[in-house]
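Chains as they are written, first to last, in the numbering used here: chain A, 2 to 345; chain B, 2 to 345.
Glycine included, every Cβ here is placed at the ideal spot set by N, Cα and C.
Protein chains: 2
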Amino acid sequence: MTASGPATTTDLRTPALVVDRAAFEDNCAAMDTIRPGRSLRPHVKAFKSTALARELDRAGHRGFCAATPAEIEGMVRAGVGDDLLLANESLDVARLGSLETDAVVTVAVDSDPILDAAIAGGVRSILIDIDVGLPRCGCDAETGERLAARARAAGLEVRGVMGYEGHLMMVPDRERRRAKVEAAMAVLAEAHARIGGDVVSAGGTGTFDLNEWCTEVQAGSYTLLDTHYDGSDLPFRPALGVLATVISVNPRGWIVADAGLKALGMDHGDPTWVGPGSVMFCSDEHVTLRPDRLADHHVGDRVLLRPGHVDPTIARHRTMWVVDDDPTEGAAIVDEWPIDLRHW
Amino acid sequence: MTASGPATTTDLRTPALVVDRAAFEDNCAAMDTIRPGRSLRPHVKAFKSTALARELDRAGHRGFCAATPAEIEGMVRAGVGDDLLLANESLDVARLGSLETDAVVTVAVDSDPILDAAIAGGVRSILIDIDVGLPRCGCDAETGERLAARARAAGLEVRGVMGYEGHLMMVPDRERRRAKVEAAMAVLAEAHARIGGDVVSAGGTGTFDLNEWCTEVQAGSYTLLDTHYDGSDLPFRPALGVLATVISVNPRGWIVADAGLKALGMDHGDPTWVGPGSVMFCSDEHVTLRPDRLADHHVGDRVLLRPGHVDPTIARHRTMWVVDDDPTEGAAIVDEWPIDLRHW
C-alpha cells in the first residue's frame, strides 16, 4: 500500500496485527444504521489509532471519547474529531487544558479533587460522571449536583452527565439486558434532571441499540469485535486477527506458532485459532495449537488467531495492517493504521 | 537521576513501572551464589531491557539468551554480552546472520526448514533444541542427530543441545520437582551424547538450583520475580511493581486507580495490591480495589500493584524506573531502564 511498506501479508514479520477491511466496514455500517452521526461517540481506547478514528470521523462521527489524556492529546495532534471527551477521571489534565485546538475538550468529573484539577489545569468543559452500578468511577446524583454548581461558579461549562453500564454489556438475554439498562439509565436520568446540560453519554458495544435513554453511545469494540462477544445477538463480527508463523511441528500432535502472551490481551483467556483445531496454551512468544490433522501443517505456514479481548491486544502492537482477503494466504495490504494512541 | 528525567516517583505519570533496587540486587546475588558467570545464561525475554542486561553482564554473565530475533538485534546494538543465543526457532534469521558483531550468535534448531533458514541466512552456530516434555518446540534425539550432521556438513558449528523443562517450573514439592527435572534431563543427556558439543542449556527460574545436569541455566524472571512464584521455595522476591494513582473513592466501599489491562500482563490473573485490601477487578485503564478501611484512601494517593506475570507486563511499558525506597511515598529515582527490546 505505502511506497516503502509491505505489499502483502507474506512480507509481514510475525506476529502481526491484521484487520479484515470488509468486516470492519460491515461493522461500521451496522452501527451507523442505528447510531448515525453524533448519536455515537466512538471510544478510541478500543483501537488506539487516529487512522481508524479518521475513518469514523469521515463517516460523520465527529465526537470521540477516550480513556487517557494521552489519547486526547493524540487525537488533537492528528486533527481528528471536533468534540473530544476524556470519559475518565484524571488529575493529570493540565496537559489537556493547555492544548491548542478548535475541538471542544471535555473531561469527566466525579469528585472535588478531580474538579479542582480540571479548574487548575485550564479545562473549560466537564461532564459529571454518575455511578450507575459498575463498581468503578462515578458519583451519586447529589454529589454530582454539588460538583456541577461548583464548576459553573468557576466558569466551566457543564455539558451534562455520563454513566457507563459496563457491568451489563454481557448480560446474555436481550430482554433482561434491556430491563437492566433501563434501571441503570433511570439513575442517570435522575442525576441529569438535577445537573442539566445537553449530553447524556452512556452505553457501549453490548448495549448500543437498546440504550434509548442516552443522547449518545460510547462504543469502540464494535469496529473490530472481540471473540468474547461470540454467541451474542450483536450485528458485528470479528475483524481483528493476530497473524503468526508456524515454527515447529511435533509428531506428538501439536504445532507451535510465533505469537504469544506479548502479542495478545489474555484477560479474556486464550485466543481462538481460525483453523481446524484448538489452542492448547500460550507462552511468552508462542502459541501451541492442536490441529485436527497434523499432516496438513508445515513450518512456515501462516495461522490466524482471534484475540479474546481486542483493546489490550491492540495496545501491544505498533501497527494494524488492513487486508481485503485471507491474511494466511498472502493477502494484499490495502492500508496501514499506526497504533499511535498507546502508552500514557 | 538523569538530567532531564523525573527526580522522584511523585514526578512520574501513572501507570508507571518501578523496580525496587534492593530486591533486584538481592535476587541477583542469590542467583550468582549458585550460578556464577557462564553457568547462568540470563534470558532477556523476561525484562526486555539492555540496561538491565548490562548489569548482569558486568556481574560476569556474558552469555545471554533471547526469544526473538529483535531481542538479539537489540543486544548487539547495545553491545551487551559476547555470546547471544536465540533460544527459539525462527525462519526470520537472515537478520541475525548479517549482524556485524564480535559476539557469537547462535540459534536453536529443531527441524530441517529451521536449519535451512539458518544456513541460508548466514548463521554460523546452532544448538539443537530437544523436546524434554513441554508441549512446545524441540525435536527427538534421532532427528537432532540428523540435523546436527547436516549442519556440520554445511560448515556450521553445532555447540550442543538445549531443552527447556518449562512444564516443571511450578511443581510445588521441591523433591518431586527435582525428580521430574532429572527425568527430563535424562532425555536431554541422551540427545547430547548423540549430538556432541560443549553446551547443555536448560532450566529456568523455578529449577535454577536443582538442575545439575545442564552446563548453563536459562533464567530471567528471577531478577524481578512474579507473584506467580509466591509460596515457592525460591530465594527471590518480587522487585517489580506498577505504580498507579487513585482517581476515585466510592462511599460504597471501593477505590479506583489508573492502571488496568493495558499496563499489566493478565495471563496469570489479577495483580496483587501491596496495600491493606484486595483487588476486585481490572478494566482497560482501571483497577478497582476494595480497601480494608475506605477512610484511609484519597484521590491522588499512589498505590503499588505486583503483576502476576512479569514478562508480559514489562512488554507493555517503555521504561522501568529504579527506586531505592517506597514508590508510593515519592522515592528517589536512582536509575532508568528503557525497555528497548520490545516488539518483533
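Please return the same chain residues whose Cβ sits closer than 6 Å to the Cβ of B/Arg39, not counting the five positions on each side in sequence.
On the second sequence, residue 39 of chain B is found 38 positions in, with the first residue counted as 1. Excluding sequence positions up to five before and after B/Arg39, its CB lies within less than 6 Å of the CB of Gly64, all in the same chain and listed in chain order.
- Contact between the region 272 to 292 of chain B and the region 318 to 326 of chain B: three or more CB pairs below 8 Å? no
Using the beta-carbon of each residue, which ones in chain B are nearer than 9 Å to A/Lys181? As a working note, residue 181 of chain A is residue 180 in the first sequence. Going along chain B, no residue has its Cβ under 9 Å from A/Lys181, so there is no contact; the nearest lies around 18 Å.
* For B/Cys66 versus A/Ser249, is the C-beta distance shorter than 8 Å? -> Here residue 66 of chain B refers to the residue found at position 65 of the second sequence. Here residue 249 of chain A refers to the residue found at position 248 of the first sequence. Cβ distance not < 8 Å, so B/Cys66 and A/Ser249 don't count as in contact.
One or two residues paired with A/Asn251 in a DSSP bridge: Indexing the first sequence from 1 puts residue 251 of chain A at position 250. A/Asn251 is bridged to A/Trp255.
Contacting residues, own chain, Cβ-Cβ under 8 Å from B/Asp199 (five flanking each side not counted): For this step, residue 199 of chain B is matched to residue 198 along the second sequence. Cβ neighbours of B/Asp199 beyond the five flanking positions: Arg160, Gly161, Thr216.
message: Can you check whether the C-beta of B/Thr289 is within less than 8 Å of a C-beta belonging to chain A?
response: Here residue 289 of chain B corresponds to residue number 288 of the second sequence, with the count starting at 1. Yes - at least one Cβ of chain A is within 8 Å of the one on B/Thr289.
- Query: Which of helix, strand or coil does DSSP assign to B/Val45?
  - Reply: Position 44 of the second sequence, counted from the first residue, corresponds to residue 45 of chain B. Three-state DSSP puts B/Val45 in a helix.
Review point. Three or more beta-carbon pairs under 8 Å between the region 132 to 146 of chain A and the region 100 to 107 of chain A, yes or no?
Key: no
Which residues bound the alpha helix (DSSP H) around B/Arg179?
Counted from its first residue, the second sequence places residue 179 of chain B at position 178. In the DSSP assignment, B/Arg179 falls within the unbroken alpha helix (DSSP H) covering 175 to 196.
**Study point:** Segment contact flag, the region 322 to 342 of chain A with the region 240 to 257 of chain B, C-beta cutoff 8 Å, min 3 pairs
**Key:** no
Give, in chain order, every residue of the region 232 to 244 of chain A whose Cβ lies closer than 8 Å to some Cβ of chain B. none
Counting only beta-carbon separations shorter than 8 Å, does A/Ile115 have a partner in chain B? What you label residue 115 of chain A is simply residue 114 of the first sequence in a count that begins at 1. Interface residue, yes.
Backbone secondary structure at A/Glu166 - three-state DSSP: Here residue 166 of chain A corresponds to residue number 165 of the first sequence, with the count starting at 1. In the structure shown, A/Glu166 sits in coil (DSSP, three-state: anything other than H, G, I, E or B).
Kindly say whether A/Met2, judged by its beta-carbon, lies nearer than 8 Å to any beta-carbon of chain B.
Your numbering for residue 2 of chain A matches position 1 in the first sequence. With a pLDDT of 46 at A/Met2, under the threshold of 50, the modelled position of this residue cannot be trusted, and the question is left open.
| message | At the 8 Å Cβ level, is B/Met267 part of the contact set with chain A, yes or no? | response | Start at 1 with the first residue of the second sequence, and residue 267 of chain B comes out as number 266. It does; some Cβ of chain A falls within 8 Å.
Are the beta-carbon atoms belonging to B/Leu100 and B/Glu72 less than 8 Å from one another? The residue you call residue 100 of chain B lines up with position 99 of the second sequence. The residue you call residue 72 of chain B lines up with position 71 of the second sequence. Taking 8 Å as the Cβ cut-off, B/Leu100 and B/Glu72 do not qualify as a contacting pair.
Query raised in the report: For the putative contact between A/Ile120 and A/Ala155, defined by C-beta atoms under 8 Å, what is the C-beta separation to the nearest angstrom?
Result: Residue 120 of chain A sits at position 119 when you count from the first residue of the first sequence. Residue 155 of chain A sits at position 154 when you count from the first residue of the first sequence. Indeed they touch by this definition, with Cβ atoms about 5 Å apart.
| message | Here's a check: name, in chain order, each residue in its chain whose Cβ is nearer than 6 Å to the Cβ of B/Arg195, leaving out the five neighbours to either side. | response | The residue given as residue 195 of chain B occupies position 194 in the second sequence. Within the same chain, B/Arg195 has close Cβ partners Ala142, Glu146.
Taking C-alpha atoms, which residue in B/Ile127, B/Lys263, B/Asp268 lies nearest to B/Ala88?
The residue you call residue 88 of chain B lines up with position 87 of the second sequence. If we check each option's Cα against that of B/Ala88, B/Ile127 comes out closest.
* To do: Can you tell me which of the three DSSP states B/Met2 falls into?
  => Numbered from its first residue, the second sequence carries residue 2 of chain B at position 1. With a pLDDT of 46 at B/Met2, under the threshold of 50, the modelled position of this residue cannot be trusted; read the value that follows with caution. Here B/Met2 sits in coil by DSSP.
* Asked: Which residues, in order along the region 18 to 36 of chain B, keep a beta-carbon less than 7 Å from a beta-carbon of chain A?
  -> Within the region 18 to 36 of chain B, no residue has a Cβ that lies closer than 7 Å to any Cβ of chain A.
| said: Please report the straight-line C-alpha distance between A/Pro16 and A/Lys263, rounded to a whole angstrom. | reply: Translated into the one-based positions of the first sequence, residue 16 of chain A becomes position 15. Translated into the one-based positions of the first sequence, residue 263 of chain A becomes position 262. Taking C-alpha positions only, A/Pro16 is separated from A/Lys263 by approximately 9 Å.
| Of all the residues that make up the region 129 to 152 of chain B, which are near chain A by a beta-carbon distance shorter than 7 Å? | Look at the region 129 to 152 of chain B: the residues with a C-beta under 7 Å from a C-beta of chain A are Asp132, Pro136, Arg137, Cys138.
Exercise for review: List the endpoints of the continuous alpha helix (DSSP H) containing A/Pro114.
Suggested key: On the first sequence, residue 114 of chain A is found 113 positions in, with the first residue counted as 1. First-last of the alpha helix (DSSP H) with A/Pro114: 113 to 121.
**Q.** Within-8 Å CB hit, B/Thr69 to chain A
**A.** The residue you call residue 69 of chain B lines up with position 68 of the second sequence. B/Thr69 counts as touching chain A.
### Query
What do you reckon, are the CB atoms on A/Leu86 and B/Gly301 nearer than 8 Å?
On the first sequence, position 85 is the one that residue 86 of chain A refers to. On the second sequence, position 300 is the one that residue 301 of chain B refers to. No, they are not a contact pair.
Problem set entry | Buried versus exposed call for A/Met76 [16 or more other C-beta atoms within 10 Å across all chains shown] | Taking the first residue of the first sequence as position 1, residue 76 of chain A is located at position 75. That one is buried.
Helix, strand or coil for A/Phe237? Go by DSSP, reduced to three states. Within the first sequence, the letter at position 236 stands for residue 237 of chain A. If DSSP states are grouped into helix, strand and coil, A/Phe237 belongs with coil.
task = Excluding the 5 residues preceding and the 5 following B/Leu157 in the sequence, name in chain order all residues of the same chain whose CB lies nearer than 8 Å to its CB.
result = Position 156 of the second sequence, counted from the start, is the residue given in the question as residue 157 of chain B. Within the same chain, Ala119, Ile120, Val124, Arg125, Ser126, Ile127 come within 8 Å of B/Leu157 by CB-CB distance, once the 5 residues on both sides are set aside.
Nearest-angstrom Cα distance between B/Leu235 and B/Lys46? Working through the second sequence from its first residue, we reach residue 235 of chain B at position 234. Working through the second sequence from its first residue, we reach residue 46 of chain B at position 45. If I take the Cα positions, the gap works out to 20 Å.
*asked:* To be precise: take each residue of the region 273 to 288 of chain A, compare its Cβ to all Cβ atoms of chain B, and keep it if any distance is under 9 Å. Which residues remain?
replied: Within the region 273 to 288 of chain A, the residues whose Cβ lies closer than 9 Å to any Cβ of chain B are, in chain order, Met281, Phe282, Cys283, Ser284, Asp285, Glu286, His287.
Note to self: Taking DSSP's pairing of strands, which residues face A/Cys66 in a bridge?
What the structure shows: Within the first sequence, numbered from 1, the residue matching residue 66 of chain A stands at position 65. Bridge partners of A/Cys66: A/His44, A/Leu86.
B/Arg319 at chain D interface by Cβ criterion, 8 Å | The structure shown contains no chain D; its protein chains are A and B.
* To do: With a floor of 4 residues, list each alpha helix (DSSP H) that falls wholly inside the region 277 to 326 of chain B, ordered by position along the chain.
  => 311 to 315
- Query: Going straight from the alpha carbon of B/Met2 to that of B/Ser112, what length do you get?
  - Reply: Along the second sequence, read from residue 1 onward, the residue named residue 2 of chain B stands at position 1. Along the second sequence, read from residue 1 onward, the residue named residue 112 of chain B stands at position 111. Per-residue confidence for B/Met2 stands at a pLDDT of 46, beneath the threshold of 50, marking its modelled position as unreliable; the derived number appears in the next sentence. Taking the straight line joining both Cα atoms gives about 48 Å.
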